[in-house]
Each structure stands twice: as C-alpha cells, then as structure tokens.
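Written out below as structure tokens is the structure these notes cover.
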Amino acid sequence: MSIPLAVLGLSLLAANFLIEAFKPACSISIKFSDGKTRKRVPIKRENGQTLLAPLFRNQENIAGKITIEPHQGKRIEHNGVKVELLGQIVRELDVPGDIYERTTYPFEFSMVEMPYETYNGVNVRLRYVLKVTVSRNYGGSIIEYLNFLVHNYSPPPSINTSIKMEVGIEDCLHIEFEYNKSKYHLKDVIVGKIYFFLVKIKIKNMDIEIRRRESTVTGATNHVETETLAKFELMDGAPVRGESIPVRLFLSPYELTPTHRNINNKFSVKYYLNLVLVDEEGLRYFKQQQITIYRLPLQNT
Amino acid sequence: MIADGVEDEEKWLAAGIAGLQQNAFYMHRALDSNNLRDALKYSAQMLSELRTSRLSPHKYYELYMRAFDELRKLEMFFKEETRRGCSIVDLYELVQHAGNILPRLYLLCTVGSVYIKSKEAPAKDVLKDLVEMCRGIQHPGCRHCCGCCGICASKLYGDEQVVGADAAPADPELRLAVGLSGLQGPAREKEKREKERSELRDLVGKNLHVLSQIEGIDLDMYKETVLPRVLEQVVNCKDEIAQYYLMDCIIQVFPDEYHLQTLDVLLGAFPQLQPTVDIKTVLSRLMERLSNYAASSADVLPEFLQVEAFSKLNNAIGKVIEAQPDMPILGVITLYSSLLTFTLHVHPDRLDYADQVLGACVKKLSGKEKLEDKKATKQIVALLSAPLDKYNDIVTALKLSNYPRVMEYLDSETNKVMATVIIQSIMKNKTRISTADRVEALFELIKGLIKDLDDAFHDEVDEDDFKEEQNSVARLIQLLRSDDPEEMFKIICTVRKHILGGGPKRLPFTVPPLVFSSLKLVRQLQGQEENPFGEEESTTPKKIFQVLNQTVETLSNIPAPELALQLFLQCAEAANDCDLEPVAYEFFTQAYILYEEEISDSRAQVTAIHLIIGTLQRMHVFGVENRDTLTHKATGYSAKLLKKPDQCRAVYACSHLFWVDDQDNVKDGERVLLCLKRALRIANAAQQMSNAARGSTGSVTLFVEILNKYLYFFEKGNPQITVAAIQSLIELITTEMHSDSSTPDPAADAFFASTLRYMEFQKQKGGAIGEKYEPIKV
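Chains as they are written, first to last, in our numbering: chain A, -7 to 293; chain B, 20 to 797.
Pasting the structure below:
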C-alpha cells in the first residue's frame, strides 16, 4: 500500500512538547525490521548530545515492530493503538481493548514518499518521526516517538561548470578566482586558484569561508540566518602581482547538508563560498559566490 | 628602544616556546594513545606558534627547530599509522583539513615524506603538489616557506637512498627542490633587511646542501643530468636575486672536482642569466674555490690542465663581460683579479697566462679615463698584488709586460699605494734586482713614487706619509745590487735617470742612497785590481765620480746645500782613497762654493766648517799647493764665523789641518801655534765682549779647550808648543776663574780640574811623556 504524501513535521525549536511529564504505564519500543543492518547516522539533539538515528531514503519501506510492554501487573485499557509517520500516514494497530501482556504489532509503510531530507538548522528543523499512540480515555494517551533520518541522493549533475570571475577594486586590487565546479557533493574537494592581477594594497592573509544561508518563512515574515561553517586560510602574507595561490578545500570535515530550495514553501538552505582578503589595516575585501551542494549515494563516496 | 625590542623579543620567543611545548606535550599523549585526530589537532596548534611575525629570523629559527624536532616524532607516528592500515592518501587529505595554512603546510610536508616513501604515488607528483601548495605562503620574508622547504628537503633527501636508488628519479626531485627554494625563497628578497638575508641564504643553502649529499649522485650523473637540469631551472627562473643565490649555492655545495669536470656546462649558464645578476661575485667565488682546490694538493693540478680550466674560464669571463655591457668596471676588475689568482695557483709556471689576463684587463680599461671609483682601484691593487704574493719575487712580475700598463689606469694616489706594495714586497723578500733592465722596469712601475704624475694631489700629501714613502724608495735604491761593476754602473745610471725627475721634494731622499750606492761601487773597484787597460768602456771610478758630481750638483740647485755639501765631502774622501787628486779637489771646490754661496745660516755654517775641516784633515792625496789653498780657505772661513765662541772653536780645529800624524809633510808646528794663538785671542775677545755686554766674564771653557789642544800638540811633539806657553795658559785660566767678575761655571771647573788631573797623571806615568810633562807646574 502506498500513499503519496505531502510531508512535513515542521516545528519551531522553542516548542518542545516532546517531554513527557508522567511516567507511562507501559514502555513502547519501536524496532525496524532491518534495524540491525540499517545505517545509522548521528544527529544532534537540542541538548547537544548526539544520537544515532536510522537512515532512510525516499520511497523506502519503513517497516518494523512495535512492542508494548505494560509495567508489572498493570493492565492498559485503550481505545486503540496506532502508529503514524508523523502527520501523514496512520496505521491502526489494534482495535480498542486491553493489553495485559507484552504485545508486539508489526507495521509497514511502503514506498513512503519522503522527498525532503532531514534538516537541522538554526531556525528550522525538518524531521521524520514515527509516533505510536495508545489512546486512552483516562490517564491520557501514551505516546512514543522515534526520530529517523532521511537522506536523498542525487546523481552527479550532468552540467557542472566551473566558477570563474574577475573581481576587484579599480586600480587597487584585481584578482581572478576560479573554482573547478559550481556543484559539489558533500565529500568533495574544492580545487581552485586565486590569481592576482594587480595588488596595490598590503594584504595580510586570504581565507575562504563556507557560509550557509538559511531562510525561513513563518507566516508573512522571512527570517534569514547566515552561518559560517568553515574558515580556511588560503594564504598568509602579501602576494605580488602575477602570483597564483592554490585552493584545495576538503568539504568532508564540515557539517554540510545538501542545498535545499524552497522546501514546501517553508525554507531554503543555500551555500556560498566567500573569498575574504584582509589587508594590514584589518579591512576585509570579499566576494561571495553561491555553490550547490548535493549528496552522492553512499556507495559512491 | 632597541634594548626593549630585544627584551620583548625574548619574551615572545619564550611565550612561543612555552605554547609549543604545551601542545607538543598533548600531541605526545595523543601519539602514545594512537589518537590520530588529537595528534593532528595538537600538532596543528603547536605549529600555529610559528605563525608569529614578531621574531627576528634568528629567534624564529630557534622556534622552528624545536617544532621541527617534534614533527619528526609525528612523522614516525604517521609511518606507524600507515603500517597499521591507515591509508596514506587519507592521511594526506586529513592533514589538509587544518584551517591555518602554516600548520597545514608543515603537516603536509611531514606526511608528504611518508607518502613518498610509501611509493604509493610517484615522488615527483607528491613533490609537485607540495610545491604548489607552498605558494600559499606569501610572506615577504618567506621564512615560513623556507622552513617548509627545509622540512621538505631534509625529509625527502633523508630518504633519498630509497627514492634515488635508481638514478633517474632523483633528478626531478632536484629540480623541484631548486624550484622550491629558488622561486619561493628569495624571490621577494629585495624588501628584506640585510640581516634576514644572510639567514635566508643559509636556509636555501641548506636545502641545496642536503641535495648535494644525496647518495647515488656520482660525477657522471651530476654531469649528465643533475647539473644541466638544475641550471636550466635557474636560467628559467628569471629572477635576478634567485639566480644569484642559486648559482652561488651550486658553486658552494657541490664538490670542487665536479665543478672542474663540468666547467663547460656551468660556465655556459652564466651568459644566460639575467643581465642584472651579480655574476662577478659568483664567478669570483667559483674561481676562488677552484684556486683553493688547486692549492690544496699538487695531485689535482693535472686535472686542471686536462680540462683546460684556464682557457675556459678566460673565455667565459670574456663572454660574461660582453653579455653585460653595463657591468661596472669594478666588476670587470674583480673578475680578472679572481682569474689571475686562479692562474697563479694553477699554472704558476705559465707567466704568459697571467700576462694574458692583465692584457685583457688593460684592453677593457683602455679608452677610459683614470679610475675614479675607489673600490675599483682597490680591486686593481689586489689584482696587481696577487702575482707579487704568489711569486714573492718582483722579478717575475717585471716580466709581465702588461703589468705597468694596468698600473697606468690607477690614479696617482693608488699608484703610490701600489708602488709601496711592490717595494715592500721586495724588501720583505730581500729580492735582488741585479740587471739594469729590470731596474728600468721596476722604476717604471713605481714611478708614482719617483715623480709627480700629476699636480693635483701635490699639496694634499701628508708630510709624514711622504717621508715614509720616500724613505722606502731610498731603501729600495740601496737594495739594487749587482756584483758585476759594469751592470751596477748601468743600474746606477738608470736609477739616476729616474730619480732626477723627482723634483725638489724627493731629491733629498733619493740622491743620498744613490750616492752611497755609487760610492760602494767605487770602493769595490778600488779594492779590485786595476781594470785591464785598453778597455775604454769599462767602468772606472773616474766615470762614476763624474756621474756623482752631476748628481750631487742637482741637490745644490733645489736647494739643499747642506746635504749637497756633505755628499761632496763624502765623494771627495772617496776620490782621495782612489788617489784621484783632481777629482777630490773638484769636489772640495764644489763644497766650498756651496759654503760660500748657499749656506748662510750661521749654525749651518758651523756644522759645515767642521765637516770641511774634518774631511780635509784626512785628505792625503793633495799636493802642497792644493792643500795650502784649501786649508787657507778653511781657516779663513773659520775666522769669519759669526759668534766668537764658534770662531774660536773652528780656528783651533783648523790647527789640525797643519799637523797630521801619519803624513810627514804635514807637520807645520808654527802654523799650528799660530792657529792656537789666534784661537786664544778670539777667546779673550769673547771674554771681553761678554764682560762688556753683560757685566760679567763668561765661562772659561774656551780657554780650557784651547789648553787641551796645546797639550795634544805638546804630546805629539810639536816643538812650537812650549812648557812656558802651557804654563802661562794654566795661570791665565786660574786667574780668570778666581776673578771677581767671573761667573761660576761648575762644568768649566770640572773640565779644568780633570785636565789638570790628566797632566798630573801623565807626569807620574814616567818615561818620555812623564819627562815632557815634568817641567809643567800644576
């Protein structure tokens, strides 16, 4: 059974409704059927800890077992047990009744459309959550969540031109920079060259930065948050004209994500390479250039 | 301020070392626990201490060396890591994650060396990559870069046995290392302070040095591949300073014999360098090295001959000079100077080579004015001194026909310096210059000292310096000796010819030694048998005296009459010994004329008259008539002296002219007495004069002196000197001494007392003398 879905569990960070105040009457565990072999990826939680979450791709089957174990001697009377892929797909696991003992329900969502990647940003998070609810009339429903991740892979782009541009300030600084591609995968290497045509200022050093621009839409307002994820020194000292400085920046050490464009009309994540030259008086000259980041299938990296 | 700066620097260095050690400590801990990630992190932090720009190169180097030591440990770790299965490619990537370029490059170089050793990638590629990445360091001082290069090179070449086992692959490494140190290193050197320069040179030099120690480079390989490629690299780098350093380094680090065998190739590169490269220094150093090599052992000399080192160098220099028309004359001379030194060491027997070098130098100098450039003239002095030092013998240098021609380009000041150097060399080595030709050549060389070359500097000469140099010329003249009288006479004539042009200031210094040198020859001839008759040409004392006469005469013209007079008297005495009466008479005449016409100072007159008397007294050659004339004149001069005491003394001295012990015909007791009486009269007059002038009679010294003369002639048996005369003189003196108006004079008293004591002594001696004295009452 397959249901095309328009996704989304989108929540603002401030709203932390996941903490359960009461000790539940039973423990619910969710196990994926291929949980042993499935790749797990660390995700950062708000409290700073990282935890390994299983990784899925778009249109994968999400199947497993849910086990409900009442605490000793307790009987759980319920109005039904359901599992949902948050907000979208609901599976009824049990009709209303009582659970006296450990009960296991298999579940499966087949070919789930999950076109968007999990994303953990400053103002926005895109999460995929399995939610198990044991509905009760009194004592409140017992709910268990399980986060999992979705990564979507793209094939290498067929057109991937280099970025080459001559920039500068009239009669003061003329440089040409060249990055070998405009689209990089997450473990890629940016290779390039900065060529100095004219240098009339005393440059102290030159860095390249990777900046992430995350813009979110809440209602009518638009939030833009820019983070510098990498700062990489390319050159130390004052170059003279004719000098050509190599660029070789490995992307793997940085926590990058693929570029997201207008996800569900809610947010976008864009990446920029920012070339910064600093002169001896501390003045910064910079040129920002957008790049696209994509995710290669795992086996290819 | 400076002290502060130094203190601050110390502080910074201390802080740097502390930071470095701390991180090194963490790094060690990470290494011990095989924690690669931490090891990288702390090593990067440790290396960040090297990012400072506040330290002077020297201090920086200290810091760098510490970091370098730590990196060695890291390198070991990397090696182990690869053995444990960590891919070197991954490591190579991993270290490049460092955010700062400097630590990144150091780490990269460290891993790079492991990478090369692993042979997973061609060493060439790895090195190329390293070089490329090093461009990120654009410090004007390039200290970091050199540091990197240092690490790189030393690491790499430490492993060169591995890489270089096969000859060919070593070559690209060399190229790269050269490129590395050359292009990156001193390219931006100009902006740097002089102090940093030399240190940088050290660093670059070290790299090349390491390179030179690579095993497996033998002469053939050096010749066939290494050198041509290195040179190609140097020529292509087109940076004057880099080229200069690199050529210099090549010359300094590779063994001499390699240079010798590859001279063609090496020299061929010079004209291709940038026109502004300071080739002369480099080339000079090369020749210096080769010279030292040649000097080190006689065994290597055949090699030099075999490769025709001289002609190659000579050609190369010619080409370089042609290729760099703007080269200052200083450079040209420096080059030739080095070449000359080289020739002298390698081909001491080939004077023609040396002359060839000098000739080339002359050619280059010709068409130019005299040199104004102080440094250039200094260099010429060095150039000209070289053969002297080498041969220790000016005679050899005199054979170099171009030698004086080079000297002509010196300004008169330097010319003098050079001449002094030559003379000193002669004196030091006691060189004997025994032919007129050589003397001629020598004087041609030192003519700066002999005459005024130009008038410009005339007034500026320091009096003492002038004396010094003229004295050395005088000493030189004394050194010119030949055992063959003919030749010696020629020498004298030659010297005379040269010194006569010396002008009034020099003649007083130069004529006397010449005169004495001539007199020496006269005595030599006199001691020999008479020359065989019939040889018109042969040197006779007469001929010499003619020359002498003219020579001394020049002195009277300048004027230096006193000196001339002395010399005339010397000559007269020599003529006397040769039994040449007319000649001696002529000399005396000259002396008298000088006395009459030129010597006007009364003090000088006194000296002169005593000299005349003394000399005349010893003359035995004169006939009665001549002698009479001369003595009469001398007596006359004596009586005409200005001061009475001088008159008195001169007159009693004249008494000796009439009584010569070993000449029986000169024993005129009467005239002796006349002289003495006249002296007494003058003494008396002097006494009265002083009485009239000062109210007291002067000392009785004169009387005592005359008494002594009386006693002398009395003893000699002059019949005119009687006991009565002596007796009365003693009384006269006694009265004078006790008279009221006399001023007490202890010296005169003592003199008189000892005279009396002498008489007493003679009396008691007994015998003929004692009898003679007996009648005198004291």
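Glycine included, each C-beta is placed from N, C-alpha and C at the ideal position.
All values derive from a computational prediction rather than experimental measurement.
{"Asked": "So the beta strand (DSSP E) Asn254 (chain A) belongs to, where does it begin and stop?", "Found": "252 to 255"}
{"Asked": "Spatial neighbours of Leu127 (chain B) within its chain, please: CB distance less than 8 Å, with the 5 preceding and 5 following residues excluded, ordered by chain position.", "Found": "Tyr111, Val114, Gln115, Leu149, Met152"}
{"Asked": "Counting only C-beta atoms, is Gln157 (chain B) closer than 8 Å to chain A at any point?", "Found": "yes"}
{"Asked": "Given 8 Å as the limit, is there contact between the stretch 699 to 714 of chain B and the stretch 678 to 685 of chain B, that is, 3 or more CB pairs closer than that?", "Found": "no"}
{"Asked": "Looking at the C-beta of Asp115 (chain B), does it have a partner C-beta in chain A at a distance below 8 Å?", "Found": "According to the sequence displayed, residue 115 (chain B) carries Gln and not Asp. Taking Cβ atoms only, chain A reaches closer than 8 Å to Gln115 (chain B), which makes this a yes."}
{"Asked": "Going straight from the alpha carbon of Glu99 (chain B) to that of Leu55 (chain B), what length do you get?", "Found": "11 Å"}
{"Asked": "So, is the C-beta of Phe169 (chain A) closer than 8 Å to a C-beta in chain B?", "Found": "no"}
{"Asked": "Let me confirm a value: Asp228 (chain A) is counted as buried when at least 16 other C-beta atoms fall within 10 Å, else exposed. Which label applies?", "Found": "buried"}
{"Asked": "Alpha helix (DSSP H) containing His757 (chain B): first to last residue?", "Found": "742 to 757"}
{"Asked": "Alpha carbon to alpha carbon, how far is Gln157 (chain B) from Glu38 (chain A)? Give it in angstroms, no decimals.", "Found": "43 Å"}
{"Asked": "Inspect the CB distances between the stretch 272 to 283 of chain A and the stretch 129 to 145 of chain A and report whether three or more fall short of 8 Å.", "Found": "no"}
{"Asked": "With a threshold of 8 Å between beta-carbons, can Ile202 (chain A) be considered close to chain B, or not?", "Found": "no"}
{"Asked": "State the CB to CB distance for the pair Lys192 (chain A) and Leu165 (chain A), rounded to an integer number of angstroms; the pair is presumed to be in contact (CB under 8 Å).", "Found": "7 Å"}
{"Asked": "If we call anything under 8 Å between Cβ atoms a contact, is Leu588 (chain B) one with Leu582 (chain B)?", "Found": "no"}
{"Asked": "Nearest-angstrom Cα distance between Glu617 (chain B) and Leu403 (chain B)?", "Found": "45 Å"}
{"Asked": "Measure the C-alpha to C-alpha separation of Val691 (chain B) and Ile745 (chain B) and round it to an integer number of angstroms.", "Found": "14 Å"}
{"Asked": "Arg94 (chain A): buried (16+ other C-beta within 10 angstroms of its C-beta) or exposed?", "Found": "exposed"}
{"Asked": "Are the C-beta of Pro17 (chain A) and some C-beta of chain B separated by less than 8 Å?", "Found": "According to the sequence shown, residue 17 (chain A) is Ala rather than Pro. No - not a single Cβ of chain B is within 8 Å of the one on Ala17 (chain A)."}
{"Asked": "Counting only beta-carbon separations shorter than 8 Å, does Ile237 (chain A) have a partner in chain B?", "Found": "yes"}
{"Asked": "Output the residue ranges of the alpha helix (DSSP H) runs that lie fully inside the stretch 319 to 382 of chain B and measure 4 residues or longer, sorted by chain position.", "Found": "320 to 325, 328 to 342, 348 to 365"}
{"Asked": "With burial defined as no fewer than 16 other Cβ atoms inside 10 Å of the residue's Cβ, what is the status of Ile161 (chain A): buried or exposed?", "Found": "exposed"}
{"Asked": "Measuring only the C-alpha atoms, how far is Pro551 (chain B) from Thr559 (chain B)?", "Found": "Residue placement at Pro551 (chain B) is poorly supported in this model, since its pLDDT is 48, which falls under 50; the coordinates still yield a value, given next. Cα to Cα, the separation comes out at about 11 Å."}
{"Asked": "When the cut-off is 8 Å and only beta carbons count, does Arg154 (chain B) lie next to chain A?", "Found": "yes"}
{"Asked": "Give the list of continuous beta strand (DSSP E) stretches no shorter than 3 residues that lie fully inside the stretch 78 to 132 of chain A.", "Found": "81 to 86, 89 to 91, 95 to 101, 117 to 127"}
{"Asked": "Flag Asn798 (chain B) as yes if its beta-carbon sits less than 8 Å from any beta-carbon of chain A, otherwise no.", "Found": "One cannot answer for residue 798 (chain B) here, as it falls past the ends of chain B, which runs 20 to 797."}
{"Asked": "Measure the C-alpha to C-alpha separation of Lys435 (chain B) and Lys735 (chain B) and round it to an integer number of angstroms.", "Found": "58 Å"}
{"Asked": "Tell me the DSSP bridge mates of Ile45 (chain A)?", "Found": "Looking at the sequence provided, one finds Ala at residue 45 (chain A) rather than Ile. Its beta-bridge partners are A:Val33."}
{"Asked": "According to the neighbour-count rule (16 or more other Cβ atoms, all chains shown, within 10 Å of its Cβ), is Lys66 (chain A) buried or exposed?", "Found": "exposed"}
{"Asked": "To the nearest angstrom, report how far apart Lys586 (chain B) and Arg697 (chain B) are at their CA atoms.", "Found": "Strictly speaking, residue 586 (chain B) in this sequence is Leu, with Lys absent from that position. Cα to Cα, the separation comes out at about 31 Å."}
{"Asked": "Please confirm if Glu112 (chain B) has its CB atom under 8 Å from at least one CB of chain A.", "Found": "yes"}
{"Asked": "To the nearest angstrom, how far is it from the Cα of Leu32 (chain B) to the Cα of Phe224 (chain A)?", "Found": "26 Å"}
{"Asked": "Measuring straight from C-alpha to C-alpha, what distance separates Ile186 (chain A) and Thr353 (chain B)?", "Found": "45 Å"}
{"Asked": "Which same chain residues, not among the five before or five after Arg424 (chain B), have their C-beta less than 7 Å away from its C-beta?", "Found": "Val381"}
{"Asked": "Please classify Lys524 (chain B): does DSSP put it in a helix, a strand, or coil?", "Found": "coil"}
{"Asked": "Please work out which residues of its chain come closer than 8 Å, Cβ to Cβ, to Tyr108 (chain A), disregarding the five sequence neighbours upstream and downstream, and give them in chain order.", "Found": "Val(-1), Leu0, Leu118, Val142, Asn144, His252, Ile255, Asn256"}
{"Asked": "Nearest-angstrom Cα distance between Val530 (chain B) and Arg304 (chain B)?", "Found": "46 Å"}
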